[in-house]
Ligand code: F6P
Ligand code: MN
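In our numbering, the protein residues as written are 5 to 328.
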């Protein structure tokens, strides 16, 4: 199908029964993503400024990079023109309250995969949209995974693309040269079985027994207990690793480990894990912290970390059996 004949995100939303304020929030995010992707593509800036650290650290202690900060400003500015109640950003200590009456809040990792900014690898923007049961809650109460009404992520790679679920399947859009997001014609369903895993294997000596055992058996291949060969991929950007898993299956692991500061893994529950888990469940996969489903975790702190394993259902179930 020629790109011009594929439906745009505006026409997709035109026929979708979904919260009208939520639609305007997501369309505003699409505008922000186009800006961020253009910024990330500026070669001079990428090496000379965008990858430089600002010298500051965000609330999680990560070094902030210029592009992290710029992306957060772009997203926040775009959202200010919508009916959103509150904006939670990984780059900010506290929520930004836009409207006391708003029923919706949005959590966002404006620039995921910061360590890849300077390396011409895929980075992205992750978001979750929450609808609260009453007005006045947005921004004052931590959002819960099961309050999500939509979630998605933009990937800025060879293609700028969006994977999104509004609670009814997962759909993908690609940014065409005319500046419009058009739907990609794939059926997004994570296959239940896989022979591909993603983990930062340099941390192997720090892993806990369930993960250690699982990976050892994968690596043992056809001669081991699993009796099949596995392949490994680690992009180092959650968005890139997730995109691949939605495309062809696989499992992703960022578990807790014995390093100081990694007792709950590395990734953030509210900014990263909730969104990925929402999409994964919609696509027929599983997302867990090893003990419970990610979407069932009650948040305790805005910036809390969580172990995260997700992907192909049978493989995640196999891994989870190691925890029991
Ligand atoms: O947001 C954190 C993040 O950059 C993810 O995108 C990625 O999956 C992970 O960190 C990579 O962590 P590490 O550098 O420890 O491999
Ligand atoms: Mn991130």
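Glycine is no exception: its CB is placed at the ideal position from the N, C-alpha and C atoms.
Three-pair Cβ contact test at 8 Å for the region 21–29 versus the region 76–88: yes
Cβ shell of residue 204 (< 8 Å), same chain only, five flanking positions each side left out: Numbered from 1 along the chain shown, position 200 holds the residue referred to as residue 204. Cβ within range, chain order: 238, 240, 258.
Candidates 101, 161, 183, 168: closest to residue 115 by CA position: Counting from 1 along the chain shown, the entry for residue 115 is found at position 111. Cα-wise, what sits closest to residue 115 is 161.
Heavy atom of the ligand MN within 8 Å of residue 117 beta-carbon: Taking the first residue of the chain shown as position 1, residue 117 is located at position 113. It does: the Cβ of residue 117 is within 8 Å (strictly closer) of some heavy atom of the ligand MN.
Any beta strand (DSSP E) of 3 or more consecutive residues that is wholly inside the region 246–277: 255–258
Host beta strand (DSSP E) of residue 292 (start-end): Taking the chain shown and counting its residues from 1, one reaches residue 292 at position 288. It spans 290–292 - the beta strand (DSSP E) in which residue 292 sits, taken as one unbroken run.
Residue 130: CB within 8 Å of a non-hydrogen atom of the ligand MN: As a working note, residue 130 is residue 126 in the chain shown. It does: the Cβ of residue 130 is within 8 Å (strictly closer) of some heavy atom of the ligand MN.
Paired residues, beta bridge with residue 71 - DSSP: Residue mapping note: residue 71 aligns to position 67 of the chain shown, counting from 1. BP columns for residue 71 are empty, so no partner.
Alpha carbon of residue 83 to alpha carbon of residue 35, nearest angstrom: Residue mapping note: residue 83 aligns to position 79 of the chain shown, counting from 1. Residue mapping note: residue 35 aligns to position 31 of the chain shown, counting from 1. If you take the alpha carbons of residue 83 and residue 35, they lie about 10 Å apart.
The region 270–283 in contact with the region 296–316 per 3-pair CB rule at 8 Å: yes
Outcome for residue 72 when other beta-carbon atoms lying within 10 angstroms are tallied against a minimum of 16: Position 68 of the chain shown, counted from the first residue, corresponds to residue 72. Flag for residue 72 reads buried.
Member of 243, 169, 220 whose CA lies at the smallest distance from the CA of residue 232: Mapped onto the chain shown, residue 232 falls at position 228. Out of 243, 169, 220, 220 has the C-alpha closest to the C-alpha of residue 232.
Secondary structure of residue 50, DSSP reduced to three states: Stepping through the chain shown from its first residue, residue 50 is reached at position 46. Legend: pLDDT at residue 50 = 48, less than 50; position of this residue unreliable, no value from coordinates given.
Span separating the alpha-carbon of residue 184 from that of residue 16: Position 180 of the chain shown, counted from the first residue, corresponds to residue 184. Position 12 of the chain shown, counted from the first residue, corresponds to residue 16. Using only the alpha carbons, I get a separation of about 12 Å.
Sequence-distant residues of its chain with Cβ nearer than 6 Å to residue 277 (five each side left out): What you label residue 277 is simply residue 273 of the chain shown in a count that begins at 1. Cβ neighbours of residue 277 beyond the five flanking positions: 271, 298, 310, 312.
Exposure label - residue 197; buried when at least 16 CB within 10 Å: Locating residue 197 in the chain shown gives position 193, counting from the first residue. By the 10 Å Cβ count, residue 197 comes out exposed.
Helix, strand or coil at residue 127 [DSSP, three-state]: Reading the chain shown from its first residue, position 123 is the one you call residue 127. Reduced to three states, the DSSP call for residue 127 is strand.
Same chain, Cβ closer than 8 Å to residue 208, five either side skipped, listed in chain order: Residue mapping note: residue 208 aligns to position 204 of the chain shown, counting from 1. These residues qualify, in order along the chain: 216, 219.
Cβ distance (whole Å) where residue 135 is taken to contact residue 10 below 8 Å: Numbered from 1 along the chain shown, position 131 holds the residue referred to as residue 135. Numbered from 1 along the chain shown, position 6 holds the residue referred to as residue 10. The pair is not a contact, with the Cβ atoms about 29 Å apart (cut-off 8 Å).
Proximal residues to residue 140 (C-beta, below 8 Å), its chain only, five neighbours per side dropped: Along the chain shown, one-based indexing puts residue 140 at 136. The residues are 104, 105.
Cβ neighbours of residue 143 in the same chain (closer than 7 Å, five flanking residues each side left out): Along the chain shown, read from residue 1 onward, the residue named residue 143 stands at position 139. Result list for residue 143: 89, 90, 99, 101, 109, in chain order.
Euclidean distance between Cα positions of residue 227 and residue 234: Residue 227 sits at position 223 when you count from the first residue of the chain shown. Residue 234 sits at position 230 when you count from the first residue of the chain shown. If I take the Cα positions, the gap works out to 11 Å.
For residue 86, the three-state DSSP class (helix, strand or coil): As a first step, residue 86 is located in the chain shown; it is residue number 82 there, counting from the start. Residue 86 falls in the coil class under three-state DSSP.
Beta carbon of residue 111 nearer than 9 Å to that of residue 249: Mapped onto the chain shown, residue 111 falls at position 107. Mapped onto the chain shown, residue 249 falls at position 245. Not a contact, by the Cβ cut-off of 9 Å.
Alpha-carbon spacing of residue 305 relative to residue 179, whole angstroms: Counted from its first residue, the chain shown places residue 305 at position 301. Counted from its first residue, the chain shown places residue 179 at position 175. Computed Cα separation, rounded: 35 Å.
Chain-order list of residues whose beta-carbon lies under 8 Å from that of residue 80 (same chain, five-residue window excluded): Position 76 of the chain shown, counted from the first residue, corresponds to residue 80. Taken in chain order, the residues that qualify are 91, 93, 100.
Spatial distance of residue 213 from residue 325 (CA atoms): Sequence index remark: in the chain shown, residue 213 carries index 209 (1-based). Sequence index remark: in the chain shown, residue 325 carries index 321 (1-based). Whole-angstrom Cα-Cα distance: 12 Å.
Nearest residue (CA-CA) to residue 117, options 173, 157, 211, 78: Here residue 117 refers to the residue found at position 113 of the chain shown. If we check each option's Cα against that of residue 117, 157 comes out closest.
Contacts around residue 113, its chain only, beta-carbon distance under 6 Å, and the 5 residues preceding and following it disregarded: Numbered from 1 along the chain shown, position 109 holds the residue referred to as residue 113. Excluding residues within five positions, the ones whose Cβ falls inside 6 Å are 94, 130, 275, 276.
Reference residue 166; option with closest CA among 244, 288, 285: Counted from its first residue, the chain shown places residue 166 at position 162. It is 244 whose Cα lies nearest to the Cα of residue 166.
Inter-residue spacing [alpha-carbon to alpha-carbon] between residue 31 and residue 230: In the chain shown, residue 31 corresponds to position 27, counting from 1. In the chain shown, residue 230 corresponds to position 226, counting from 1. So the two alpha carbons sit approximately 45 Å from each other.
Alpha-carbon spacing of residue 329 relative to residue 260, whole angstroms: The structure shown does not extend to residue 329, since the chain spans only 5 to 328, so no value can be given for it.
Residue 309 CB to nearest heavy atom of the ligand MN below 8 Å: For the purposes of this step, residue 309 is taken as residue 305 along the chain shown, with counting starting at 1. Flag unset: Cβ of residue 309 not near the ligand MN.
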